[in-house]
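Trainee: Just so you know, UniProt numbering puts 122 at position 122 of the sequence shown, and the rest follows in order with no gaps.
Think of the CB as a built atom: it goes at the ideal place given N, C-alpha and C, for glycine as much as any other residue.
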Amino acid sequence: MFLIDTSRQGQVVTDAVVNQSIDNYLVNDLKLPGHGLMMYVNQPAVIVGINQTVAAEVDFHYLAAHHVQLVRRTSGGGAVYHDERNLIFEHIVNGDPQDGSKFGDYKVFAQPILRALTAMGVADLGISNKSALTVDGKKFSGMTMFKSGDGYAAGGTIMYDLNVSAAQQALIPASDRPHRGVASNRVPITNLRQYLAPAYQDLDIQSFREALLCHIFEVDRLDQIETYHLSAQDWAIIDQRLDEKYRTDAWNYGANPGFRDYRALSLPTGQLHVNFTRQAGHLKAVALFGTVGTPTDLHEISEQLVGTATTSAAVRAVLMTPAITAILGPAVEPLIQVLTEDIHEG
Numbered sequence: 001m002f003l004i005d006t007s008r009q010g011q012v013v014t015d016a017v018v019n020q021s022i023d024n025y026l027v028n029d030l031k032l033p034g035h036g037l038m039m040y041v042n043q044p045a046v047i048v049g050i051n052q053t054v055a056a057e058v059d060f061h062y063l064a065a066h067h068v069q070l071v072r073r074t075s076g077g078g079a080v081y082h083d084e085r086n087l088i089f090e091h092i093v094n095g096d097p098q099d100g101s102k103f104g105d106y107k108v109f110a111q112p113i114l115r116a117l118t119a120m121g122v123a124d125l126g127i128s129n130k131s132a133l134t135v136d137g138k139k140f141s142g143m144t145m146f147k148s149g150d151g152y153a154a155g156g157t158i159m160y161d162l163n164v165s166a167a168q169q170a171l172i173p174a175s176d177r178p179h180r181g182v183a184s185n186r187v188p189i190t191n192l193r194q195y196l197a198p199a200y201q202d203l204d205i206q207s208f209r210e211a212l213l214c215h216i217f218e219v220d221r222l223d224q225i226e227t228y229h230l231s232a233q234d235w236a237i238i239d240q241r242l243d244e245k246y247r248t249d250a251w252n253y254g255a256n257p258g259f260r261d262y263r264a265l266s267l268p269t270g271q272l273h274v275n276f277t278r279q280a281g282h283l284k285a286v287a288l289f290g291t292v293g294t295p296t297d298l299h300e301i302s303e304q305l306v307g308t309a310t311t312s313a314a315v316r317a318v319l320m321t322p323a324i325t326a327i328l329g330p331a332v333e334p335l336i337q338v339l340t341e342d343i344h345e346g
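1) Tell me, which residues are paired with residue 90 by DSSP?
2) Does the segment 28 to 41 come within contact of the segment 120 to 129, defined as at least 3 CB pairs closer than 8 Å?
3) Taking the alpha carbon of residue 196 as the point to measure from, which residue in 238, 257 and 122 has its own alpha carbon closest?
4) Return the CA-CA distance between residue 145 and residue 82, expressed in angstroms with no decimal places.
5) Among the residues of its own chain, which have a CB less than 8 Å from the CB of residue 352, if the five just before and after it don't count?
6) For the alpha helix (DSSP H) containing residue 17, list its first residue and its last residue.
7) So residue 135 is in the beta strand (DSSP E); what residue range does that whole segment cover?
8) What is the DSSP secondary structure of residue 172, counted as helix, strand or coil?
9) Hey, could you find the ends of the alpha helix (DSSP H) residue 106 is sitting in?
10) Does residue 175 pass the burial test, meaning 16 or more other C-beta atoms within 10 Å, or should it be called exposed?
11) Please confirm whether residue 47 and residue 73 have their CB atoms less than 8 Å apart.
12) What is the C-beta distance between residue 292 and residue 328, in whole angstroms, given that I count them as a contact (C-beta under 8 Å)?
13) Helix, strand or coil for residue 160, going by three-state DSSP, please let me know.
14) Nearest-angstrom Cα distance between residue 70 and residue 63?
15) Please state whether the Cβ-Cβ distance between residue 205 and residue 41 is less than 8 Å.
16) Indicate the three-state DSSP secondary structure (helix, strand or coil) for residue 177 in the structure shown.
17) Three or more C-beta pairs under 8 Å: does that hold for the segment 217 to 232 against the segment 133 to 148?
18) Whole angstroms are fine: how far does the CA of residue 149 sit from the CA of residue 305?
19) Which residues mark the beginning and the end of the beta strand (DSSP E) in which residue 140 is found?
20) By Cβ distance, which residues of its chain are closer than 7 Å to residue 290, with the 5 residues on each side in sequence left out?
21) Strictly by DSSP, which residues pair up with residue 290?
22) Tell me which residues share the same chain as residue 252 and place their Cβ nearer than 7 Å to its Cβ, disregarding the 5 neighbours each side in the sequence.
Below, the structure is given as structure tokens:
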């Protein structure tokens, strides 16, 4: 196993969109032979699974007020919150590294982490529900995988000292979610810091990362680890993939299951995201979400729009009621245009 350095020109990268796209580049484009490990830190962000509906997982008002990124990954699993006191690890495997690695086997990829944490003083570690890493029966890491050809990525989080209160506010409780797509399963979580030996309890996150990596690779210093450093050519392709897909609202906000189209409306009153499917001259499915109005208001308006003819007059008749205009305000006219514009229908 070797280390993959994700810094850029010597600078640590904490942009969650960029970090999430690096593993896709490593699996889909670069395809380094063997078994690599990347470990990084994100600025505050919510990461949702590829098959999840963002409106059912996150509080958009909280994200906007606290400058929290929303990022969609290309693997499954549930929504998780990251911040600067949280580590993310990713095993990148291409071909057969002949070290026991196997797609779908979470235990083999969890073992280096669990072994290192044991050496750092953590007791009562385990794996539950196939992909959750636990300490004292509480979850501190959730793992996911995705595969592309002969390559795949397997990784998860390591909660060192995560702001649990922020995570709870950024993620919508299960009881408050409209259901479409794969819902997250909220379980008791805990930080590792209190379980570590005293020498590791008061580290900054980069020092904790360095200590953990040294234990994983059984070395005294990071420069003793075989390391692949992303080159300028690597970064050029990563930047291209970001522009094409991974940094777009259409991917992070709009790639929700069950909808054909997506539009984003930037308004003085906030952001309104619109997912919809038109069929046979009618709106077959609609989902409005964002920071205009409340989630309940937007869900009810979405339900009222389903089945409406895709003509300006029909959509206007639904949206121009006093109750709805009081909620949507200046969003009404651009929303009518979005839902009735000349686009392909199924």
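Mentor: With the structure as the only source:
1) Position 90 of the sequence shown, counted from the first residue, corresponds to residue 90. Paired residues: 38 and 155.
2) The segment 28 to 41 makes no contact with the segment 120 to 129, as fewer than three CB pairs between them are under 8 Å.
3) Locating residue 196 in the sequence shown gives position 196, counting from the first residue. Comparing alpha carbon positions, the residue from 238, 257 and 122 closest to residue 196 is 122.
4) Indexing the sequence shown from 1 puts residue 145 at position 145. Indexing the sequence shown from 1 puts residue 82 at position 82. Using only the alpha carbons, I get a separation of about 18 Å.
5) This structure cannot speak to residue 352, because the chain is shown only from 1 to 346.
6) The residue you call residue 17 lines up with position 17 of the sequence shown. Start and end: 16 to 25.
7) Within the sequence shown, the letter at position 135 stands for residue 135. That run of the beta strand (DSSP E) goes 132 to 135.
8) Sequence index remark: in the sequence shown, residue 172 carries index 172 (1-based). Here residue 172 sits in coil by DSSP.
9) For the purposes of this step, residue 106 is taken as the residue at position 106 of the sequence shown. In the DSSP assignment, residue 106 falls within the unbroken alpha helix (DSSP H) covering 106 to 119.
10) As a first step, residue 175 is located in the sequence shown; it is residue number 175 there, counting from the start. Only weak support is given to the placement of residue 175: the predicted model assigns it a pLDDT of 49, under 50, and the question is left unresolved by the model.
11) Stepping through the sequence shown from its first residue, residue 47 is reached at position 47. Stepping through the sequence shown from its first residue, residue 73 is reached at position 73. Residue 73 sits close to residue 47, with the two beta carbons spaced by under 8 Å.
12) For this step, residue 292 is matched to residue 292 along the sequence shown. For this step, residue 328 is matched to residue 328 along the sequence shown. Correct: roughly 6 Å between the Cβ atoms.
13) Position 160 of the sequence shown holds residue 160. Residue 160 sits in coil when the DSSP states are folded into three classes, being neither helix nor strand.
14) For the purposes of this step, residue 70 is taken as residue 70 along the sequence shown, with counting starting at 1. For the purposes of this step, residue 63 is taken as residue 63 along the sequence shown, with counting starting at 1. Taking the straight line from one Cα to the other gives about 8 Å.
15) Position 205 of the sequence shown, counting from 1, holds the residue named residue 205. Position 41 of the sequence shown, counting from 1, holds the residue named residue 41. Cβ atoms of residue 205 and residue 41: closer than 8 Å.
16) For the purposes of this step, residue 177 is identified with residue 177 of the sequence shown, where counting begins at 1. With a pLDDT of 48 at residue 177, under the threshold of 50, the modelled position of that residue is not reliable, and no figure is offered here.
17) Too few Cβ pairs lie closer than 8 Å, so no.
18) Against the sequence shown, residue 305 aligns to sequence position 305. Against the sequence shown, residue 149 aligns to sequence position 149. When rounded, the distance between both Cα atoms is 41 Å.
19) Translated into positions along the sequence shown, residue 140 becomes position 140. Here the beta strand (DSSP E) through residue 140 covers 138 to 148.
20) Within the sequence shown, residue 290 is the residue found at index 290, counting from 1. Exclusion of the five residues before and after residue 290 leaves 60, 270, 271, 272 and 273 as the residues of its chain whose Cβ lies within less than 7 Å of its Cβ.
21) Working through the sequence shown from its first residue, we reach residue 290 at position 290. Paired residue(s): 272.
22) Taking the sequence shown and counting its residues from 1, the one referred to as residue 252 is at position 252. Annotation for residue 252: 70, 71 and 72 place their beta carbon closer than 7 Å to its own, counting only its chain and skipping 5 residues before and after.
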